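Novice: Here you go, one structure.
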Amino acid sequence: MTTTERLLPAGFTELEPYVADWAKPTRQERYDMRLAKNMTELGAFYDAIAPRAEEAIAHLDGLDLDALPEPELRLLRLLFSLILVSYAVNVFEQPSIPDAGAAFFDTLVEPAV
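Under the numbering used here, read the sequence shown as residues 1 to 113, first letter to last.
Shown next, in the form of structure tokens:
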């Protein structure tokens, strides 16, 4: 990456600190990151991204999802991570699924976007 390449689209630069951890290419990597973070970290990510979600969706709306520029693709992946994190923050109140013991699920095929 060159020094002039943007991590995120213009107007979303304050979310760039979350790109390295949360703009992962697969759902499994994003889920693994959720499990690796504590609730303070998950809450900070959620609090930063959630208020900007509608604006991010509006920015991506109408773009060809199969041909997104890298900054927009990373923004989309942040939104995907927001979905995973929102369950931990708003429903489970912990990174893992409660009462699931050692159960886990693997994604064999990523959903088509």
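The beta carbon of each residue, even a glycine, is placed where N, CA and C say it ideally should be. As the structure is a computational prediction, the values presented were derived from the model and not from experiment.
Would you identify the three-state DSSP class for E41, choosing helix, strand or coil?
Specialist: helix
Novice: Specify whether the stretch 68–86 and the stretch 4–13 touch according to this definition: at least 3 beta carbon pairs, one from each stretch, less than 8 Å apart.
Specialist: Segments in contact, yes.
Novice: Taking the alpha-carbon positions, what's the L35 to Q94 distance?
Specialist: 9 Å
Novice: With distances taken between CB atoms, is the gap from L60 to A88 smaller than 8 Å?
Specialist: Their beta carbons are not under 8 Å apart, which means L60 does not touch A88 by this criterion.
Novice: Can you name the start and end residues of the alpha helix (DSSP H) that P71 belongs to?
Specialist: E70 to Y87
Novice: Along the alpha helix (DSSP H) that carries A36, what are the first and last residues, could you check?
Specialist: R27 to A36
Novice: If you reduce the DSSP assignment to three classes, tell me which class D47 lands in.
Specialist: Note: D47 maps to helix in three-state DSSP.
Novice: Taking the straight line between their C-alpha atoms, what separation do you get for V91 and N38?
Specialist: The straight-line gap from Cα to Cα measures roughly 15 Å.
Novice: Mark L65 as exposed unless 16 or more other C-beta atoms lie within 10 angstroms of its C-beta, in which case mark it buried.
Specialist: The C-beta of L65 has fewer than 16 other C-beta atoms within 10 Å across all chains shown, which makes the residue exposed.
Novice: Would you mind reading off the limits of the alpha helix (DSSP H) that contains E55?
Specialist: A53 to L60
Novice: Do S96 and Y46 have their beta-carbon atoms positioned less than 8 Å apart in this structure?
Specialist: no
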